[in-house]
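Below: one structure, written as structure tokens.
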Amino acid sequence: MSDSNKTTQETATIRRDKKDRATEAPACGKDSIQPDRRSFLAGAAAFLGLISVSSCSWQEFVQNHFQRMTKTEIEETVERLRAEYKGKYGKDFVVGTEAPIDGTLFGYALDIQRCIGCRRCVYACVDENNQTRNPQMQYIRVLRFKDGNMDLEESSIYYDPEEVPEKGYYYMPVQCQHCANAPCTKVCPVRATWTEPDGIVVVDYNWCIGCRYCMAACPYMGRWFNFADPVIPADQVNTQTHYLGNRPRMRNVVEKCTFCIQRVRVGKYPMCVEVCPVGARKFGNLLDPDSEISRIISTKRVFRLKEELNTQPKFYYFFA
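Everything in the sequence shown is counted per my numbering, starting at 7 for the first residue and increasing by one.
Okay, structure coming up:
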């Protein structure tokens with residue numbers, strides 16, 4: 007066989023081999039055949055078998071981000087969570103998904119002159135929001151200052167007098183400030199936290215990966231990492247929760263104050279407002295010029311923490 011004929015035959019063989027391989031296994035690219043849903047789920051299931059996902063079910067793993075879920079998906083998720091909580095805690099939880107209220111921008115105001123440092127707000131918040139007790143988690147920290155001093159570095163959260171208020175001191179509770187320009191939401195790599203239209207900064211616990219970037223970004227120490235499962239006391243009566251709020255969380259996620267979203271979106275005050283024995287806490291709609299909080303902002307001496315950072319908190323402190 008001549009060299010030219012040999013070369014022609016080899017070229018034809020190579021072309022046939024390429025055609026056969028292309029038919030058996032298409033190349034990757036936009037025109038390639040993508041795996042169907044069943045193949046994907048089977049592969050993902052095999053993958054899940056190789057890893058350990060703490061307190062995470064298969065349904066939770068494939069759940070869509072709350073902001074992208076359809077009404078049907080939300081309903082299915084809520085039913086799954088209710089069944090899960092019933093089996094784990096023996097209680098019939100109501101998992102609400104109430105949306106933001108039109109024409110509402112929630113804001114908070116606290117009268118420093120009235121606050122007596124009793125910490126009733128702290129413990130009422132723990133009960134209402136099903137926080138862990140061991141290790142103890144508290145969304146609210148009450149800072150104690152000496153009269154005439156407002157240096158945060160010189161304040162203390164550790165005080166245990168026989169009676170409050172103590173002479174020569176004043177108190178300033180601090181929690182999530184629900185910033186309009188929140189740095190915590192900007193650093194989340196999976197967009198598990200965001201600001202709702204009514205001003206509440208929320209977390210989708212099912213999407214939180216526990217990286218704690220948001221904790222590092224928050225200048226107010228308003229976020230907490232959940233090292234343990236939430237506590238649901240056996241005698242607890244209130245089982246009204248919200249998907250983005252006080253529903254029982256899995257461990258290894260970041261939590262925070264949500265202005266008691268499960269309460270305020272059904273017309274109630276946050277629990278800390280209700281339990282304050284001296285009426286130091288005020289809450290309402292910043293867009294309503296006739297609301298109590300709007301009148302406070304317009305008539306009292308008001309300040310916000312670390313305003314120089316341009317975080318634009320919706321939490322105001324005031325005094326006469």
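For each residue, glycine too, the CB sits at the ideal point set by N, CA and C.
Pairwise C-alpha distance: residue j and residue i
| i | j | result |
| --- | --- | --- |
| residue 92 | residue 325 | 46 Å |
| residue 198 | residue 184 | 15 Å |
| residue 72 | residue 85 | 15 Å |
| residue 210 | residue 79 | 15 Å |
| residue 310 | residue 175 | 20 Å |
| residue 256 | residue 83 | 15 Å |
| residue 312 | residue 158 | 10 Å |
| residue 150 | residue 180 | 11 Å |
| residue 225 | residue 113 | 19 Å |
| residue 88 | residue 81 | 11 Å |
| residue 243 | residue 277 | 15 Å |
| residue 233 | residue 305 | 43 Å |
| residue 294 | residue 300 | 7 Å |
| residue 178 | residue 68 | 42 Å |
| residue 308 | residue 282 | 20 Å |
| residue 323 | residue 121 | 11 Å |
| residue 74 | residue 249 | 14 Å |
| residue 123 | residue 170 | 6 Å |
| residue 56 | residue 258 | Residue confidence is low: residue 56 scores 42 on pLDDT, short of 50, so the model does not pin down where it sits. No coordinate-derived value is stated. |
| residue 167 | residue 126 | 15 Å |
| residue 109 | residue 296 | 14 Å |
| residue 2 | residue 201 | Outside the shown range of the chain, which is 7 to 326, sits residue 2, and nothing can be said about it. |
| residue 321 | residue 70 | 31 Å |
| residue 189 | residue 271 | 24 Å |
| residue 99 | residue 217 | 29 Å |
| residue 286 | residue 206 | 21 Å |
| residue 274 | residue 103 | 16 Å |
| residue 254 | residue 136 | 7 Å |
| residue 195 | residue 221 | 13 Å |
| residue 118 | residue 152 | 13 Å |
| residue 213 | residue 90 | 18 Å |
| residue 303 | residue 133 | 30 Å |
With 16 other Cβ atoms within 10 Å as the buried cut-off, status of residue i
| i | result |
| --- | --- |
| residue 115 | buried |
| residue 95 | buried |
| residue 319 | buried |
| residue 143 | buried |
| residue 291 | buried |
| residue 215 | exposed |
| residue 228 | buried |
| residue 160 | exposed |
| residue 131 | buried |
| residue 241 | exposed |
| residue 279 | buried |
| residue 298 | exposed |
| residue 284 | exposed |
Option in the options with minimal Cα separation from residue i
| i | options | result |
| --- | --- | --- |
| residue 238 | 300, 139 and 82 | 139 |
| residue 247 | 74, 97 and 101 | 101 |
| residue 315 | 217, 265 and 187 | 187 |
| residue 231 | 126, 145, 319 and 323 | 145 |
| residue 162 | 127, 148 and 154 | 148 |
| residue 264 | 136, 251 and 272 | 251 |
| residue 173 | 154, 182 and 160 | 154 |
| residue 235 | 222, 261, 245 and 223 | 261 |
| residue 97 | 267, 245 and 269 | 245 |
First and last residue of the uninterrupted alpha helix (DSSP H) at residue i
| i | result |
| --- | --- |
| residue 191 | 189-193 |
| residue 178 | Premise fails: residue 178 lies in the beta strand (DSSP E), 175-180, not in any alpha helix (DSSP H). |
| residue 221 | 219-223 |
Segment limits, beta strand (DSSP E) that includes residue i
| i | result |
| --- | --- |
| residue 322 | 321-325 |
| residue 199 | 199-201 |
| residue 231 | 229-231 |
| residue 209 | 207-209 |
| residue 308 | 307-309 |
is_contact[residue i, chain C] using C-beta, thresh 7 Å
| i | result |
| --- | --- |
| residue 192 | Although the question refers to chain C, the structure presented lacks it and comprises just one protein chain. |
What residue ranges within the region 93-165 form continuous beta strand (DSSP E) runs of no fewer than 3 residues, ordered along the chain?
Restricting attention to beta strand (DSSP E) runs no shorter than 3 residues, the region 93-165 encloses them at 100-102, 112-117 and 147-152, ordered along the chain.
Please go through the region 240-303 and give each complete alpha helix (DSSP H) segment of 4 or more residues, from N-terminal end onward.
List check, alpha helix (DSSP H) in window: 267-270 and 277-281.
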